[in-house]
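Novice:
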Amino acid sequence: KAGVTQTPRYLIKTRGQQVTLSCSPISGHRSVSWYQQTPGQGLQFLFEYFSETQRNKGNFPGRFSGRQFSNSRSEMNVSTLELGDSALYLCASSNTRARGEQYFGPGTRLTVT
Amino acid sequence: AQKVTQAQTEISVVEKEDVTLDCVYETRDTTYYLFWYKQPPSGELVFLIRRNSFDEQNEISGRYSWNFQKSTSSFNFTITASQVVDSAVYFCALSEAVRRDDKIIFGKGTRLHILP
C-alpha cells in the first residue's frame, strides 16, 4: 500500500505570496490532518478533515485554510505569507477505526523569504 | 485541557546503553489514547505505539518497551541496547476518545542521540 504523499517537498516563497500544499492519503483513509512543525513551537495541529468536512481547527489565523476532496486528497492554503510561516508542514492520514493512529507523509518544507 | 510534557529536550547515550524517554500527560477525560512517534532525520513521523487508557499493561516490542502508569499520568518509553539507528526525535502524544475528530496533541519531543 502506498504511503501518504505530499507535494511539493520543498518550496521557497516570498512574503505576501500565497501557497497551496497537497496531500494524498493512504488508500482507504478518510481522515486527513495537517500539522505545522517549527523548532520553537514543535508540532502544532492545524486542522483535520473527514469526508470533505473540517472536523476541527487549531489556533491558527484565518490565512491558513484547507479543504478535502471526494477522493480524500487534501490541500492546505496559506495566504499572505509571513516569515514566521516558514516550517515543515506535515500531513497525516488515518483509518478512523484505528483511533488516532496517524500515518504521516514526508512533509513540505516551506521557506518564506 | 489536555497537555503532553516531555521534560527531556535532548539525550545522548553511547550505543548499547539503555535509555528511557519520559512522558507526562494531562487530561480531564477518563478515556483517552496515548501514542509514541519517531521522527528520524528524514523528517517523516513514524507511528510506534498506541495505548488506550483502560489498558495499563506494559508492552514490549523487540528492544522497545512502554511503561504506562495512570497513577502518575506517565507513559515512558525505553529503548534497550540502543543502536545508532535509534537516533531521532521521539514524540509522545495524546488523543481524547470523546472527541469526534482525530486531533492529537503532541509533546515537544525528545531528541535522542546514540553515539557510536
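Protein chains in written order, with my numbering: chain D, 1 to 113; chain Y, 1001 to 1116.
Glycine is no exception: its CB is placed at the ideal position from the N, C-alpha and C atoms.
Because the structure is a prediction, the values reported are computed rather than measured.
1) Chain Y beta carbons: is any one of them nearer than 8 Å to that of ASN71 (chain D)?
2) What is the DSSP secondary structure of GLY42 (chain D), reduced to helix, strand or coil?
3) Which of the three DSSP states is assigned to GLY84 (chain D) in this structure?
4) On the CB-based measure, 16 or more other CB atoms within 10 Å of its CB, does GLU48 (chain D) come out buried or exposed?
5) Under 8 Å, do PHE1032 (chain Y) and LEU1094 (chain Y) count as touching if we go by C-beta distance?
6) Using the Cα positions of MET76 (chain D) and GLU1017 (chain Y), report the straight-line distance between them to the nearest angstrom.
7) So if DSSP puts GLY66 (chain D) in a beta bridge, which residue, or which two residues, is it bridged to?
8) Give the straight-line distance between the Cα atoms of PRO39 (chain D) and THR1072 (chain Y), rounded to the nearest whole angstrom.
9) With SER1073 (chain Y) as the anchor, note down where its beta strand (DSSP E) starts and where it stops.
10) Tell me whether TYR10 (chain D) is buried or exposed, calling it buried when 16 or more other Cβ atoms sit within 10 Å of its Cβ.
11) My output table needs one value for VAL4 (chain D): the three-state DSSP class, helix, strand or coil.
12) Give, in chain order, every residue of the segment 1064-1075 of chain Y whose Cβ lies closer than 8 Å to some Cβ of chain D.
13) Per DSSP, which one or two residues make a beta bridge with CYS91 (chain D)?
14) Just to check my reading of the structure: PHE66 (chain D) and SER74 (chain D) have Cβ atoms closer than 8 Å, yes? What is that Cβ distance to the nearest angstrom?
15) Please report the straight-line C-alpha distance between GLN68 (chain D) and SER24 (chain D), rounded to a whole angstrom.
16) Can you tell me where the beta strand (DSSP E) with ILE1114 (chain Y) in it begins and where it stops?
17) Would a check of beta-carbon distances place PRO106 (chain D) closer than 8 Å to chain Y?
18) Leaving out five residues on either side along the sequence, give the residues of the same chain with a beta carbon under 8 Å from the beta carbon of PHE1054 (chain Y).
19) Spatial neighbours of ARG1063 (chain Y) within its chain, please: C-beta separation below 7 Å, excluding the five flanking residues on both sides.
20) Nearest CA to the CA of THR80 (chain D): which residue from D:ARG63, D:GLN6, D:SER86?
21) In angstroms with no decimal places, state the Cα-to-Cα distance between LEU90 (chain D) and PRO1116 (chain Y).
22) Let's test the definition: count the other Cβ atoms within 10 Å of the Cβ of LYS1003 (chain Y) and tell me whether it reaches 16, buried, or not, exposed.
23) Using a C-beta to C-beta distance shorter than 9 Å, which residues of chain Y count as neighbours of PHE45 (chain D)?
24) For the beta strand (DSSP E) containing ASN71 (chain D), list its first residue and its last residue.
Specialist: So, from the data block:
1) As a first step, residue 71 (chain D) must be located in the first sequence, where it is residue number 71. Chain Y, which has no Cβ nearer than 8 Å to the Cβ of ASN71 (chain D), makes this no.
2) Indexing the first sequence from 1 puts residue 42 (chain D) at position 42. Note: GLY42 (chain D) maps to strand in three-state DSSP.
3) Within the first sequence, residue 84 (chain D) is the residue found at index 84, counting from 1. GLY84 (chain D): helix per DSSP, three-state reduction.
4) Translated into positions along the first sequence, residue 48 (chain D) becomes position 48. Buried, because 16 or more other Cβ atoms sit within 10 Å of the Cβ of GLU48 (chain D).
5) As a first step, residue 1032 (chain Y) is located in the second sequence; it is residue number 32 there, counting from the start. As a first step, residue 1094 (chain Y) is located in the second sequence; it is residue number 94 there, counting from the start. Before going on, a small fix: residue 1032 (chain Y) reads as Tyr here, not Phe. Yes, these two residues count as a Cβ contact at 8 Å.
6) Position 76 of the first sequence, counting from 1, holds the residue named residue 76 (chain D). Position 17 of the second sequence, counting from 1, holds the residue named residue 1017 (chain Y). Each residue's alpha carbon lies about 42 Å from the other.
7) Here residue 66 (chain D) is taken as the residue at index 66 of the first sequence, counted from 1. Its beta-bridge partners are D:MET76.
8) What you label residue 39 (chain D) is simply residue 39 of the first sequence in a count that begins at 1. What you label residue 1072 (chain Y) is simply residue 72 of the second sequence in a count that begins at 1. Each residue's alpha carbon lies about 28 Å from the other.
9) If you number the second sequence from 1, residue 1073 (chain Y) lands on position 73. Counting along the chain, SER1073 (chain Y) falls outside any beta strand (DSSP E), and DSSP gives it neither H nor E.
10) Position 10 of the first sequence, counted from the first residue, corresponds to residue 10 (chain D). So TYR10 (chain D) counts as exposed.
11) On the first sequence, position 4 is the one that residue 4 (chain D) refers to. In the structure shown, VAL4 (chain D) sits in coil (DSSP, three-state: anything other than H, G, I, E or B).
12) none
13) By one-based count along the first sequence, residue 91 (chain D) stands at place 91. The partner list for CYS91 (chain D) (beta bridge, DSSP) reads D:TRP34.
14) In the first sequence, the residue the question calls residue 66 (chain D) occupies position 66. In the first sequence, the residue the question calls residue 74 (chain D) occupies position 74. Reading off the sequence shown, one finds Gly at residue 66 (chain D), where the question assumed Phe. The pair is a contact, with the Cβ atoms about 6 Å apart (cut-off 8 Å).
15) The residue you call residue 68 (chain D) lines up with position 68 of the first sequence. The residue you call residue 24 (chain D) lines up with position 24 of the first sequence. Rounded to the nearest angstrom, the two C-alpha atoms are 10 Å apart.
16) Your numbering for residue 1114 (chain Y) matches position 114 in the second sequence. Taken as a continuous stretch (DSSP letters only), the beta strand (DSSP E) holding ILE1114 (chain Y) covers 1110-1115.
17) For the purposes of this step, residue 106 (chain D) is taken as residue 106 along the first sequence, with counting starting at 1. Yes, because at least one Cβ of chain Y sits closer than 8 Å to the Cβ of PRO106 (chain D).
18) As a first step, residue 1054 (chain Y) must be located in the second sequence, where it is residue number 54. Taken in chain order, the residues that qualify are THR1031.
19) Along the second sequence, read from residue 1 onward, the residue named residue 1063 (chain Y) stands at position 63. Same-chain partners within the cutoff: ILE1079, THR1080, ALA1081.
20) Counted from its first residue, the first sequence places residue 80 (chain D) at position 80. The residue with the shortest Cα to Cα distance from THR80 (chain D) is D:ARG63.
21) Counted from its first residue, the first sequence places residue 90 (chain D) at position 90. Counted from its first residue, the second sequence places residue 1116 (chain Y) at position 116. In a straight line, the C-alpha of LEU90 (chain D) is about 31 Å away from that of PRO1116 (chain Y).
22) The count along the second sequence starts at 1 and reaches residue 1003 (chain Y) at position 3. Per the 10 Å Cβ criterion, exposed.
23) The count along the first sequence starts at 1 and reaches residue 45 (chain D) at position 45. Per Cβ cutoff of 9 Å: LYS1103, ILE1104, ILE1105, PHE1106.
24) Mapped onto the first sequence, residue 71 (chain D) falls at position 71. It is not in any beta strand (DSSP E) - ASN71 (chain D) carries neither H nor E in the DSSP assignment.
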